[in-house]
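Student: If you read the sequences in order, they're chains A and B. Under the numbering used here, think of the first position of the first sequence as 7, with each following residue one higher. Under the numbering used here, think of the first position of the second sequence as 7, with each following residue one higher.
2 protein chains.
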Amino acid sequence: MIGNGRTNDPQGVRRRIVDTAYDAFVKQGYIATGMLEIREKASVSGGAMAHHFPAKRALGLAVIRDRVSHAVQQTWIEPLDRCVDAPAAIDLIFGDIIGELAPKGSVSGCPLNNMAMDVSPHDPEMRLALGDIFAAWHGALSAKFQADLASGRASNIQPSSLATLVIAIYSGAMAMAKARQDVGALVESRAELAALLAPKYRRVTPAG
Amino acid sequence: MIGNGRTNDPQGVRRRIVDTAYDAFVKQGYIATGMLEIREKASVSGGAMAHHFPAKRALGLAVIRDRVSHAVQQTWIEPLDRCVDAPAAIDLIFGDIIGELAPKGSVSGCPLNNMAMDVSPHDPEMRLALGDIFAAWHGALSAKFQADLASGRASNIQPSSLATLVIAIYSGAMAMAKARQDVGALVESRAELAALLAPKYRRVTPAG
DNA sequence: CTCCTAACAGGTCAATCGTCCTGTTTTAAA
DNA sequence: TTTAAAACAGGACGATTGACCTGTTAGGAG
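#1: Return no unless some Cβ of chain B is closer than 9 Å to the Cβ of E198 (chain A).
#2: To the nearest angstrom, how far is it from the Cα of A185 (chain A) to the Cα of A77 (chain B)?
#3: Extract the residue ranges of the alpha helix (DSSP H) inside the segment 61-94 of chain A, only unbroken runs of 4 or more that lie entirely within it.
#4: Please classify I173 (chain B): does DSSP put it in a helix, a strand, or coil?
#5: For the segment 150-159 of chain A and the segment 184-202 of chain A, state whether three or more C-beta atom pairs, one from each stretch, are separated by less than 8 Å.
#6: Please work out which residues of its chain come closer than 6 Å, Cβ to Cβ, to P117 (chain B), disregarding the five sequence neighbours upstream and downstream, and give them in chain order.
#7: Interface residues of chain B around S126 (chain A) at Cβ under 7 Å?
#8: Determine the burial state of H144 (chain B): buried for a count of at least 16 other Cβ atoms within 10 Å of its Cβ, exposed for fewer.
#9: Restricting to Cα atoms, I'd like to know which of B:P60, B:G18, B:Y36, B:L67 is closest to A216 (chain B).
#10: For R67 (chain B), go through chain A and note every residue whose CB falls closer than 7 Å to its CB, in chain order.
#11: Short of 7 Å in beta carbon distance, which residues of its chain neighbour I44 (chain A), apart from the five on each side in sequence? Order them along the chain.
#12: If you run the structure through DSSP and keep just helix, strand and coil, what is N14 (chain A)?
#13: From the DSSP output, in three-state form, read off A57 (chain A) for me.
#14: Closest by CA to L147 (chain A), which one among A:G66, A:I83, A:M41, A:Y36?
#15: Within 9 Å of any Cβ in chain B, is that where the Cβ of A56 (chain A) sits?
#16: Taking the beta carbon of L136 (chain B) as the centre, do at least 16 other beta carbons fall within 10 Å, making it buried, or is it exposed?
#17: Give a yes or no on whether the minimum CB-CB distance between Q152 (chain B) and chain A is below 9 Å.
#18: Check whether the Cβ of R34 (chain B) lies closer than 9 Å to any Cβ atom in chain A.
#19: Assign A26 (chain B) to one of three DSSP states: helix, strand, or coil.
Given below as structure tokens:
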């Protein structure tokens, strides 16, 4: 062929593929999404696709490490660092998610949870990569509860298991919201979670 | 072919197909499971399969309505009816699940949640069928909390949103357990859930 | 400039997907 | 016993899957 205006842009092509794949994996699922569909949506040739990602597994790993990881970082870990205490951050995060979902009309669910659910049974390597993200999430949440305890903001809490509970609530509420296509579960869970954390954050000495 | 010892057993064949499909759908996912795989595991010919379930969707619907529904009924709704109050039932249920999972070595997750996660985005009819099960689950849990409130066992709770929270915790903890292949999330969530329900079930009059 | 490798194009591959077909046998009603 | 429908057997269908192939071009090193 004659030399048309093609330009090599390996980083850009890779980014387009990973972005498109991330979108599709979160919305439809990893298994339900075909390589051809990603190629077409990303406007990438089969050769370029094979060059950057020789197998679907490699693309899945890249999506997990480059996108899902950052999504959790932005959605959870950074707000946790910014807010004064864990309950404030949690309430803010739930509020943001609900606010984003309300006008959108459809609930696609938590990226981390979605990926974990249909990838975990099939690929140990992806499962471990997702496990690392869960661990980072849990670690950040747990550390915040621990800090609240140390600073006297909170009392009578067990940071680690409470962090697990919060993650479970968020993941579960997201799953319900996705299944029923309704943010109601998130709204209710947010209120209940705030109510159950409140007494632990009252500025009272435990007995006196 | 010569007439070998074949016997028509429509109910039995159908049951074998649905049982096998239920197992596979829960363990590997609906999309990840092929019709051929189910046929082979259930020892059913393609003709028999097509006769009972002309399309995969029909099999999915049957699994949801005949198996997933009963699983939730047995695991959650019946224990709720048997126990004195909601916290007792919840703790019993979590304990049973943890006890069953511990020796098994692998965590396949909550059947309802697993099905909902990879089917909801693709098939509205299945999504609605799963939504009905969620509604029944929520209804039973909510009714129990309401009864506890009426009988004076509990105080200061909102049955409906608290039921949503419990379902979210269970689903989320199951998802974490599946993702990490570790029952730890269930154990921790069980303890935290019991601890947060306890103060509501103290036999104290709210103010004096 | 030359040259070499990464980047990319476009098509092909076997395998598997879900579906459906024709033909045979069982079973119960007439 | 006759008969029609349900139940079942076994295979074939086109479509789609993920993987991979050969050939071409871009772009930096020398």
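All C-beta atoms, glycine included, are put in the ideal place defined by N, C-alpha and C. Just so we're clear, the structure is a prediction, and the values are computed from it rather than from any experiment.
Tutor: The structure says:
#1: In the first sequence, residue 198 (chain A) corresponds to position 192, counting from 1. So, interface residue.
#2: Within the first sequence, the letter at position 179 stands for residue 185 (chain A). Within the second sequence, the letter at position 71 stands for residue 77 (chain B). In a straight line, the C-alpha of A185 (chain A) is about 18 Å away from that of A77 (chain B).
#3: Fully contained in the segment 61-94 of chain A are the following alpha helix (DSSP H) runs of length 4 or more, in chain order: 62-69, 75-78, 84-88.
#4: The residue given as residue 173 (chain B) occupies position 167 in the second sequence. The answer is helix: DSSP assigns I173 (chain B) an H, G or I state.
#5: In short, these stretches do not touch, since the Cβ pair count stays below three.
#6: Position 111 of the second sequence, counted from the first residue, corresponds to residue 117 (chain B). Closer than 6 Å at the Cβ level, and outside the excluded window around P117 (chain B), lie V32, V74, A77.
#7: For this step, residue 126 (chain A) is matched to residue 120 along the first sequence. The answer, in chain order, is K184, A185.
#8: As a position in the second sequence, residue 144 (chain B) is number 138, starting the count at 1. Under this definition H144 (chain B) is a buried residue.
#9: An answer regarding residue 216 (chain B) cannot be provided, because it is not within the stretch 7 to 214 covered by chain B.
#10: The sequence position of residue 67 (chain B) within the second sequence is 61, counting from 1. It is worth fixing the name first, because residue 67 (chain B) is Leu in this sequence and not Arg. Per Cβ cutoff of 7 Å: no residues; L67 (chain B) is ~15 Å from chain A at best.
#11: The residue you call residue 44 (chain A) lines up with position 38 of the first sequence. The answer, listed in chain order, is I23, T26, A27, A30.
#12: Locating residue 14 (chain A) in the first sequence gives position 8, counting from the first residue. Coil, per DSSP.
#13: If you number the first sequence from 1, residue 57 (chain A) lands on position 51. The question names Ala, yet the displayed sequence has His at residue 57 (chain A). In this structure, DSSP gives H57 (chain A) a helical state, which the three-state scheme calls helix.
#14: Counting from 1 along the first sequence, the entry for residue 147 (chain A) is found at position 141. Comparing alpha carbon positions, the residue from A:G66, A:I83, A:M41, A:Y36 closest to L147 (chain A) is A:I83.
#15: The residue you call residue 56 (chain A) lines up with position 50 of the first sequence. Answer no: the Cβ-Cβ gap between A56 (chain A) and chain B never drops below 9 Å.
#16: Start at 1 with the first residue of the second sequence, and residue 136 (chain B) comes out as number 130. Under this definition L136 (chain B) is a buried residue.
#17: Along the second sequence, one-based indexing puts residue 152 (chain B) at 146. Cβ-Cβ to chain A under 9 Å: no for Q152 (chain B).
#18: Translated into the one-based positions of the second sequence, residue 34 (chain B) becomes position 28. It is worth fixing the name first, because residue 34 (chain B) is Gln in this sequence and not Arg. Interface residue, yes.
#19: Against the second sequence, residue 26 (chain B) aligns to sequence position 20. First, the residue type needs correcting, since residue 26 (chain B) is Thr and not Ala in the sequence shown. DSSP, read as helix, strand or coil, puts T26 (chain B) in helix.
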